[in-house]
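Colleague: Numbering (my numbering), first residue to last: 1 to 455.
1. Rounded to whole angstroms, what's the CA-CA distance from residue 349 to residue 203? Just pull it up for me.
2. Can you check the region 316-363 for any alpha helix (DSSP H) of at least 4 residues that lies completely inside it and give the ranges in chain order?
3. On the DSSP letters alone, give me the boundaries of the beta strand (DSSP E) that residue 182 sits inside.
4. If you count every other CB in all the chains shown that lies within 10 Å of the CB of residue 131, and 16 or more means buried, which is it?
5. Enumerate in chain order the residues of its own chain whose CB-to-CB distance from residue 275 is below 8 Å, with the five nearest sequence positions on each side excluded.
6. Determine the burial state of residue 36: buried for a count of at least 16 other Cβ atoms within 10 Å of its Cβ, exposed for fewer.
7. So residue 229 and residue 210 are supposed to be a Cβ contact under 8 Å. How far apart are they, rounded?
8. Taking the beta carbon of residue 96 as the centre, do at least 16 other beta carbons fall within 10 Å, making it buried, or is it exposed?
9. Note down, in chain order, each residue of its chain lying with its Cβ closer than 8 Å to the Cβ of residue 164, except the 5 sequence neighbours on either side.
10. Short check: CB of residue 365 to CB of residue 354, under 9 Å?
11. If I follow the unbroken beta strand (DSSP E) through residue 242, where does it start and stop?
12. Cβ of residue 77 within 9 Å of Cβ of residue 53?
13. Residues in the same chain with beta-carbon distance under 6 Å from residue 333, minus the five sequence neighbours each way, listed in chain order, please.
14. Counting only the same chain and skipping the five closest in sequence on each side, list residues whose C-beta sits under 7 Å from that of residue 40.
15. Rank 398, 313, 437 and 151 by C-alpha distance to the C-alpha of residue 290 and give the top, closest one.
16. Going by beta-carbon coordinates alone, are residue 252 and residue 216 separated by less than 9 Å?
17. Could you tell me the distance, in whole angstroms, from the CA atom of residue 357 to the CA atom of residue 367?
18. Locate the beta strand (DSSP E) running through residue 73, then write down its first and last residues.
19. Chain D beta carbons: is any one of them nearer than 9 Å to that of residue 228?
20. Which residue comes first and which comes last in the alpha helix (DSSP H) that contains residue 295?
21. Return the chain-ordered list of same chain residues with a C-beta closer than 8 Å to the C-beta of residue 23, the five sequence neighbours on each side being excluded.
22. Assuming the contact rule is C-beta atoms closer than 8 Å, residue 196 and residue 188 should be a hit. Round their C-beta distance to whole Å, please.
23. So for residue 277, helix, strand or coil by DSSP?
24. Considering residue 30, what are the terminal residues of the alpha helix (DSSP H) in which it resides?
25. Take residue 219 as the anchor and find which of 286, 394, 191 and 249 has the nearest alpha-carbon.
26. Would you mind stating whether residue 71 and residue 110 have Cβ atoms separated by less than 9 Å?
27. Which partner residues does residue 152 have in the DSSP bridge list?
28. Grouping DSSP H, G and I as helix and E and B as strand, with all else coil, what is residue 304?
29. Where do the N-terminal and C-terminal ends of the alpha helix (DSSP H) with residue 113 fall, by residue?
30. Compute the distance between the beta-carbons of residue 255 and residue 213, then report whether it is under 9 Å.
31. Within this structure, are the beta carbons of residue 148 and residue 136 separated by less than 9 Å?
32. If you run the structure through DSSP and keep just helix, strand and coil, what is residue 201?
33. Pick out whichever of 429, 81, 206 and 427 has its Cα sitting closest to the Cα of residue 103.
34. Give me whichever residues DSSP pairs with residue 231 in a beta bridge.
35. Please classify residue 442: is it buried, with 16 or more other beta-carbons within 10 angstroms of its beta-carbon, or exposed?
36. According to DSSP, is residue 8 part of a helix, a strand, or is it coil?
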């Protein structure tokens, strides 16, 4: 069944799509697949300014389905601690976040392939300090070495973040042979001014190199500027790098980098499962009826009885429903159909056309397509949720709801820095109450009238 119906669209949407100018524009997913197709064994990284992951999440699902991308660095994530990571998770990636608090916008994040081991080595405090940007630095583990991967975002061109950035880099970069830093620094390198000179001097003092790029920020009716940058420790390891339009998200270009470091290969997820549906019930009943249960009745210990019973049942299962290895294949986003992907690409094309030729007509066409696209995605997601929940097994329903962020949050692990002896003393020592508090509590309870509840 089609997810949307053109007959129900508004006249504005039909008019916006009538000129047929969206067909020849390649999607961002196609562009990234082409760029990384010849370097699948390298560590491939992209960076983009999202200007709200929740608002552009369908575009992210459609854009980042390339299997050769290993890390996605995000500036202006606009995520908040109250939003669960499961609502913004990309298939095959682990989301590491540094959300801005106290005020809106901002925040940085990194999507890293789930099979790549990592640890967080530096996170900017939240809310951001007045003389610093927002950052998130990871130690990424490979078979032979470790790499420092970081995303940096400066919220404003009025913030002098250079000293704080230099301190971070001086503390971290000497410990790693390879470093990759990408981000939106809100400092135009094309200008020969104090900010650009200070940033370049800071980077050079830490033995990092700036990769050449053209202007990355293209706001309508404004001069293009180079704000999004890539810094690396070894130029000879850069297989390719560049930029491409990412109008679906913001006025910033997407940056891509292929770095000559081999990431670990993803291992398929294999589970041992039994196929109970294929059992011959008549043969199962026959074999179950021929079991000698005498040893179970003669056993004196309850544990022995349980072991004997389990052995008989498992032997039955092994014969009639043997455990077989099953490779798990997840359909990441079943609601994201080919039609919706084409519509998202059409929306990005309309935004790109407005950025090139900013006028009222192009803006109205873009708004009409954007509204229709949001409506279609919202309807498709609701239909997918309804079909997954309706008349389903409760266990499967709750498993599905947890993927949407519904349910109890995961238990917070105990920090490694806590003193085990102090923790043991706390729970092994008797509790002491102040005598006055105890007396007042008993007095208050004695004044409460006992409810008369009929039995």
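Glycine included, C-beta positions come from ideal geometry on N, C-alpha and C.
Modeller: Let me lay it out:
1. Straight across, the Cα-Cα distance linking residue 349 with residue 203 is about 36 Å.
2. 338-356
3. 178-184
4. So residue 131 counts as exposed.
5. Here residue 275 has 321 and 324 as same chain residues with Cβ atoms under 8 Å from its own Cβ, once five neighbours each way along the sequence are excluded.
6. buried
7. Indeed, because the Cβ distance is near 6 Å, the residues count as touching under 8 Å.
8. buried
9. 129, 131, 132 and 133
10. yes
11. 238-244
12. A contact, by the Cβ cut-off of 9 Å.
13. 61
14. 68
15. Closest option to residue 290, Cα to Cα, is 313.
16. Cβ atoms of residue 252 and residue 216: closer than 9 Å.
17. Taking the straight line joining both Cα atoms gives about 15 Å.
18. 71-75
19. In the displayed structure, chain D is absent; only one protein chain is listed.
20. 294-298
21. Bear in mind that a pLDDT of 48 at residue 23, under 50, signals an unreliable position, so the number given afterwards is only what the model happens to contain. Counting only Cβ-Cβ distances below 8 Å, and skipping sequence neighbours, we find nothing.
22. 6 Å
23. Residue 277 sits in a helix when the DSSP states are folded into three classes.
24. 28-36
25. 249
26. yes
27. Checking the DSSP bridge columns, you'll see residue 152 partnered with 135 and 183.
28. helix
29. Careful: residue 113 lies outside any alpha helix (DSSP H), inside the beta strand (DSSP E) at 108-113.
30. yes
31. no
32. In this structure, residue 201 counts as helix in the three-state DSSP scheme.
33. Of the candidates 429, 81, 206 and 427, 81 places its Cα closest to the Cα of residue 103.
34. 181 and 210.
35. exposed
36. Note that residue 8 scores a pLDDT of 48, beneath 50, so its modelled location is shaky; the value from the coordinates is reported in the next line. Three-state DSSP puts residue 8 in a helix.
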